[in-house]
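Input: a single structure, listed below in structure tokens.
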Amino acid sequence: MTIDWMHFTPWHGLVGGLLIGLAAALFILFNGKIAGISGILGGLLRPVKGDLLWRVAFLIGLMAAPLLYALFRPLPDATIEASNVTLVVAGLLVGLGTRYGAGCTSGHGVCGLSRLSLRSLVATLAFMAAGFLTVYIVRHLIA
């Protein structure tokens, strides 16, 4: 394994991580809710009165952020080396996992760990282990 030093951008990652942490902290401070994307999106499936607007605004903000970024810098090239079927199956598995795990990586990994939640620690370790195992199988056993 080698590191592509030309595209290694630790400062961008640091600033992005700080912004995500700040946004999650402000979200719980002002809204009293965890900034877990699967929970926010899932709440739209069974909307509660007075609960719809902030969820829609949050998701619009997620989609608008890259567009805003593109006003100042070019978007990075994205290459997806998977078929549409693979992407659909992967998306369904992630969705199923977030329902069984009672949250996603943003809810458990960012917000839950910062609250010192044991359940979030276990979930995040499970997410990471599953990711490591998947990469190992796909890159070393199958390919």
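Residue numbering for the sequence shown follows the working numbering, starting at 271 and increasing by one per position. We put the CB at the ideal spot given by N, CA and C, even for glycine. Note that the structure is predicted; figures quoted are calculated from it, not measured.
Are there 16 or more other CB atoms within 10 angstroms of the CB of residue i, so buried, or fewer, so exposed?
i	result
T404	exposed
V359	exposed
V380	buried
F402	exposed
I310	buried
F342	exposed
S390	buried
F397	buried
Taking residue i and residue j to be in contact with their CB atoms under 8 Å, please state how far apart those CB atoms are, rounded to whole angstroms.
i	j	result
A399	H378	Contact flag wrong, Cβ pair sits at about 13 Å.
L345	P336	6 Å
R325	L314	6 Å
- Are at least three pairs of beta-carbons, each pair with one atom in the segment 294-306 and one in the segment 360-377, less than 8 Å apart? yes
- Task: Give a yes or no on contact between the segment 372-388 and the segment 314-323, applying the rule of three or more CB pairs nearer than 8 Å.
- Result: no
- contact_flag[the segment 286-300, the segment 376-396] where n(CB pairs < 8 Å) is 3 or more: yes
- Message: Just to confirm the assignment: which complete alpha helix (DSSP H) runs, minimum length 4, are found wholly within the segment 336-406?
- Response: 354-370 and 388-406
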